[in-house]
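J.:
In the numbering used here, the protein residues as written are 3 to 505.
1) Could you spell out where the alpha helix (DSSP H) holding residue 232 opens and where it closes?
2) Would you list, in sequence order, the uninterrupted alpha helix (DSSP H) runs of no fewer than 4 residues that lie entirely inside the stretch 253-338?
3) Going by DSSP, what residue range makes up the beta strand (DSSP E) through residue 37?
4) Between residue 223 and residue 193, what straight-line distance do the alpha-carbon atoms span, to the nearest angstrom?
5) Work out the CA separation of residue 146 and residue 419 for me, nearest whole Å.
6) Beta-carbon within less than 8 Å of residue 384's beta-carbon, same chain only, minus the 5 sequence neighbours each way: which residues are those?
7) Contact defined as beta carbons within less than 8 Å: I believe residue 390 pairs with residue 349. What is the distance between those atoms, to the nearest angstrom?
8) Do the stretch 224-240 and the stretch 368-386 touch if we need at least three Cβ pairs shorter than 8 Å?
9) Per DSSP, which one or two residues make a beta bridge with residue 6?
10) Is the Cβ-Cβ distance between residue 299 and residue 313 less than 8 Å?
11) Short check: CB of residue 151 to CB of residue 134, under 8 Å?
12) For residue 113, which residues from the same chain have a beta carbon less than 7 Å from its beta carbon, with the 5 sequence-adjacent residues on both sides left out?
13) Helix, strand or coil, according to DSSP, for residue 470 in the structure here?
14) Mark residue 110 as exposed unless 16 or more other C-beta atoms lie within 10 angstroms of its C-beta, in which case mark it buried.
15) Just to confirm the assignment: which complete beta strand (DSSP E) runs, minimum length 3, are found wholly within the stretch 399-468?
16) How many whole angstroms separate the CB atoms of residue 466 and residue 477, which I take to be in contact at a CB cut-off of 8 Å?
17) For the beta strand (DSSP E) containing residue 85, list its first residue and its last residue.
18) Taking the alpha-carbon positions, what's the residue 158 to residue 259 distance?
19) According to the Cβ coordinates, are residue 361 and residue 367 closer than 8 Å?
20) Specify the secondary structure class of residue 486 as computed by DSSP and reduced to three states.
21) Measure the CB-CB distance between residue 426 and residue 201 and report whether it falls below 8 Å.
22) Strictly by DSSP, which residues pair up with residue 212?
23) Candidates 422, 448, 424, 257: which alpha carbon is nearest residue 414's?
24) Indicate the three-state DSSP secondary structure (helix, strand or coil) for residue 500 in the structure shown.
25) Quick check: the stretch 3-10 against the stretch 181-190, are there 3 or more CB pairs under 8 Å?
26) Check residue 476 in the structure and name its three-state DSSP category.
27) Buried or exposed: which applies to residue 233, given that a residue is buried once 16 or more other Cβ atoms fall within 10 Å of its Cβ?
28) Can you tell me which of the three DSSP states residue 505 falls into?
29) Does the pairing of the stretch 271-284 with the stretch 441-459 give three or more beta-carbon distances under 8 Å?
30) Would you identify the three-state DSSP class for residue 49, choosing helix, strand or coil?
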């Protein structure tokens with residue numbers, strides 16, 4: 003079977019060592035999980051393997067023979083494919099054209115659509131995705147989960163020998179995750195070397211044969227998944243025990259800060275709930291339940307057709323996001339790169355974005371005050387950046403999320419809505435964000451968290467509101483909540499339908 007080996011790989015950026023003498027084998031017929039905190043070197047190692055980066059030292063071996071990878075095209079030709087966390091999709095062409103882009107069948111100069119349709123349908127059926135995605139859907143109409151699947155299809159319709167998955171389940175539903183895992187197991191049985199990067203420990207132990215841990219650019223060790231446990235892997239990753247990750251001071255008061263009454267939009271209907279000062283309320287549910295759409299309506303990004311929203315007892319007219327900001331609401335969306343961050347701008351620019359009105363004199367921003375404020379919150383949130391003028395796009399995912407949170411802390415909101423706040427973030431950064439949420443609640447902020455990770459929901463929330471198909475199916479207090487209870491409410495209508503059909 004094929005074996006890919008990275009031998010003595012080191013890589014530096016502007017004097018910072020991202021990889022330090024890493025030697026690691028990726029054997030065929032096995033799933034090797036690559037784990038580590040953000041900034042540990044995982045992405046750099048994957049980019050060296052895919053030809054995006056040239057190593058400063060060391061070499062890549064394919065079945066013992068040196069492999070020269072000067073460009074990504076060299077890696078693809080050698081049979082190495084990477085499924086990136088942020089898919090690159092052409093918006094105005096179909097799924098079929100996106101999958102075979104660069105290798106479209108032609109009849110003369112024209113696209114041979116009959117052959118294209120026949121090929122894509124055969125591949126979807128072969129890979130088990132025929133019910134998940136339509137080959138005719140335009141790229142611009144795909145959900146985040148479907149965009150991820152298009153990238154996976156691109157790789158698997160070629161003669162790949164090594165496939166690296168970078169956080170592939172971050173946008174997938176439970177059904178899609180199961181289809182992906184079935185596919186990865188099939189690839190393993192076919193003798194491919196599978197590299198799997200994820201921060202989700204449960205799925206790592208469900209899927210991986212071997213777990214390799216990086217920390218500070220070096221290889222800490224490799225463990226057989228059957229011979230280790232989550233606690234050991236976490237200690238290897240962060241060098242400390244995170245058993246108190248969800249320790250919280252429950253500081254909810256009787257003061258209602260956010261009131262949502264009968265809110266109906268294009269995607270949700272008749273939503274009523276409240277959040278008190280110092281309380282953390284979680285919105286739970288399966289992908290497509292309408293949680294993100296509700297958040298968009300509450301912050302003025304999506305129109306509300308009926309109902310009302312009150313902050314501190316005052317009705318808020320939400321015509322645009324700036325109305326929500328003025329009312330004391332903050333929002334960290336799920337897609338931080340696309341919806342929250344100015345990637346080409348600095349940490350300073352991104353942090354001060356919603357407080358410029360408080361930093362200006364006449365029409366000019368007081369730069370010294372802006373820099374002071376940015377440094378204060380960068381230090382408070384432990385944002386790992388060379389300096390506050392560093393471009394946000396160059397930060398790890400966890401540090402990018404901290405910049406988004408720093409922005410809202412600087413604004414001092416009364417209500418903070420966090421949509422999947424730890425998506426694609428390592429376990430160490432998760433612990434820091436959980437402690438930050440606890441700190442915010444203790445200062446009296448009303449926090450609304452949307453999360454698809456049930457342990458996170460159970461660990462963080464004082465109350466849990468469960469949604470399905472755009473409406474609320476139930477509410478659970480912390481003492482009564484369990485994974486089974488949440489899933490029962492998240493699938494309430496499906497279960498009712500199944501029981502009715504079984505009669």
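For every residue, glycine included, the Cβ atom is placed at its ideal position computed from N, Cα and C.
T.: Reading from the atomic positions:
1) 232-240
2) 293-300, 323-328
3) 32-37
4) 24 Å
5) 20 Å
6) 404, 434
7) 5 Å
8) no
9) 28, 64
10) no
11) yes
12) 106
13) strand
14) exposed
15) 417-421, 448-452
16) 7 Å
17) 82-85
18) 50 Å
19) yes
20) helix
21) yes
22) 34, 226
23) 448
24) Residue placement at residue 500 is poorly supported in this model, since its pLDDT is 44, which falls under 50; the coordinates are not used for a value here.
25) no
26) strand
27) exposed
28) Residue confidence is low: residue 505 scores 46 on pLDDT, short of 50, so the model does not pin down where it sits. Its coordinate-derived value is still stated next. The answer is coil: DSSP assigns residue 505 none of H, G, I, E or B.
29) yes
30) helix
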